[in-house]
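Worksheet for the structure shown next.
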Amino acid sequence: VGTDYGMIAVRADSPWKTLKDLMTAMEKDPNSVVIGAGASIGSQDWMKSALLAQKANVDPHKMRYVAFEGGGEPVTALMGNHVQVVSGDLSEMVPYLGGDKIRVLAVFSENRLPGQLANIPTAKEQGYDLVWPIIRGFYVGPKVSDADYQWWVDTFKKLQQTDEFKKQRDLRGLFEFDMTGQQLDDYVKKQVTDYREQAKAFGLAK
Numbered sequence: 001v002g003t004d005y006g007m008i009a010v011r012a013d014s015p016w017k018t019l020k021d022l023m024t025a026m027e028k029d030p031n032s033v034v035i036g037a038g039a040s041i042g043s044q045d046w047m048k049s050a051l052l053a054q055k056a057n058v059d060p061h062k063m064r065y066v067a068f069e070g071g072g073e074p075v076t077a078l079m080g081n082h083v084q085v086v087s088g089d090l091s092e093m094v095p096y097l098g099g100d101k102i103r104v105l106a107v108f109s110e111n112r113l114p115g116q117l118a119n120i121p122t123a124k125e126q127g128y129d130l131v132w133p134i135i136r137g138f139y140v141g142p143k144v145s146d147a148d149y150q151w152w153v154d155t156f157k158k159l160q161q162t163d164e165f166k167k168q169r170d171l172r173g174l175f176e177f178d179m180t181g182q183q184l185d186d187y188v189k190k191q192v193t194d195y196r197e198q199a200k201a202f203g204l205a206k
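Residue 18 in this note's numbering sits at position 18 of the sequence shown; the count goes up by one each step and never skips.
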C-alpha cells in the first residue's frame, strides 16, 4: 500500500555536510563514528549501516553501532550527542525536517522524493549505490481461496486510485507503491532472497 525508505542523518551542526564527508570519516577512523538505530545487529537498520560501511571499505563488524528500542530513541540520542549518526527510516525524520536540528545526508531511494523531501539527495546520486525501500502492505494466509484472494487484489487496486487512500498514505509518511497480486508476491520473494544473501555475506546466517 506504500513504501518508506532508509536514510542516514546527523545533527545539523555536524561537521559532516554530505554523505561523502561521513564515508571519508568512517574510512579514515571507523571508531570516530557512532551510529545509532532502532534495532539490533542483523536488523534492516543495521544492514543499511553495514552496507554503507562496506562501501567505505570498513568492516561492518568494526563499526560502532548502538541499538535502541524503536525509531524515536536514536533521534533523542542524536540530539543529546550520545551518537553522531542515525540510521533509520525517512518517515521517522519527517517531523524534524522543518527545523534546524537534523540534516538528512542521504535517502536510500532510486530517485529523489517529491515535495519537501526533494532537496534531500539520494545515496545513489552521491556515488553510493544503496537503495533500500521498506514496503508496507497486507497479506493473506495460504488457505484463502483463489476467488477471495483475487477479490482482495482487485479491491486494493481500486482503493489505491482513490483520493482518500492517497491521503491516508501521505498521513503515514509513506510514498506511492502500487504493486499488488502476483507482481507484489514476486517482488517480496526477491527482496527476502536478497536480504538472506546479504545476511550470509555478513556472517549473520548460514
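Glycine residues also receive a C-beta, built at the ideal position from the N, C-alpha and C atoms.
Keep in mind the model is a prediction, meaning the values are calculated, not measured.
Exclusion of the five residues before and after residue 100 leaves 12 as the residues of its chain whose Cβ lies within less than 8 Å of its Cβ.
For the 7 Å CB-CB criterion, residue 4 and residue 105 do not form a contact. Taking a C-beta distance under 7 Å as the contact criterion, residue 56 and residue 7 do not qualify as a contact pair. In chain order, 1, 2, 3, 4, 91, 136 place their CB closer than 8 Å to the CB of residue 174, counting only its own chain and leaving out the 5 sequence neighbours on each side. Positions of the alpha helix (DSSP H) runs, each at least 4 residues long and wholly inside the stretch 59-126, are given as 72-79, 90-93 in order along the chain. Approximately 5 Å separates the beta-carbon atoms of residue 88 and residue 71; this is inside 8 Å, confirming the contact. When beta bridges are read from the DSSP output, residue 37 appears opposite 67.
Taking residue 35 as the centre and dropping the five residues before and after it, the same chain places the C-beta of 49, 63, 64, 65, 66, 83, 84, 85, 86, 87 closer than 8 Å to its C-beta, in chain order. Inclusion of residue 185 and residue 160 in the CB contact set at 7 Å is not warranted, their separation being larger than that value.
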